[in-house]
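Sequential numbering of the sequence shown, starting at 7, is according to the numbering used here.
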Amino acid sequence: MSRSGELRGENLVNALLTASRALVAVAARSLADIEENVTLAQYRMLVVLGRHGELSLQQLAGELGVNPSTAMRMVDRLTTAEAVNRRDNPDDRRGVLVCLTGTGLSILRRVTARRYREIDRIVTAMLPRRRAEMVAALNAFAEAAGELDAQPDHASILGW
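Quick look at the structure:
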């Protein structure tokens, strides 16, 4: 890697991509461990609903970065799985409101707890000095990405 590549952050980007692959693998394994058949995208929807509570379909689609028809298909599947409820939006006769059910919250907590345990196992294998450096670096990354306010409340175990 050239010095100019280092200055542009290529080493950092490559390291983050590698770490991202490892984290996606952790997320996929945590979903595979539950009896319900939930995709990573559907899990993201559960996380958004867990963080924000009841949302309109438009708001939910916006939070997920998908179009409303895609969000509605996901809602349909999660409604069939009894993970979310939907109801007519009293403020918009054409719209719906979506919220987690007890089943959805249970899925969210179990999957997130599994992810937490596996990530904890990984970071425990790191040198303590490296862990401290990583906390600072990842907080800076989250802040730059606009996600610092999204740090999970471990008591509720709702994190994406």
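Glycine is no exception: its CB is placed at the ideal position from the N, C-alpha and C atoms. Since the model is a prediction, treat every value here as computed from it, not as a measurement.
The beta carbon of residue 47 sits closer than 7 Å to the beta carbons of 80 from its chain, once the five residues preceding and following it are set aside; these are given in chain order.
Within the stretch 112–137, no run of beta strand (DSSP E) at least 3 residues long lies entirely inside it. Contact between residue 113 and residue 42 holds, with the beta-carbon distance rounding to 6 Å and staying under 8 Å.
In the structure shown, residue 72 falls within a coil segment according to DSSP collapsed to helix, strand and coil.
Following the DSSP letters along the chain, one finds residue 17 inside the alpha helix (DSSP H) bounded by residues 16–38. Here residue 66 is buried. Its C-beta has 16 or more other C-beta atoms within 10 Å. Counting along the chain, the unbroken alpha helix (DSSP H) around residue 56 starts and ends at 46–58. Cα atoms of residue 137 and residue 126: separation of roughly 11 Å, rounded to the nearest angstrom. Apart from the 5 residues on each side of it in sequence, residue 77 sits with its Cβ closer than 8 Å to the Cβ of 51, 63, 66, 67, 70 in its chain, given in chain order. If you draw a straight line from the Cα of residue 99 to the Cα of residue 74, it is about 16 Å long. Closest in alpha carbon position to residue 124, among 24, 22, 19, 37, is 37. Just measuring C-alpha positions, the residue of 27, 21, 151, 49 sitting nearest residue 87 is 49.
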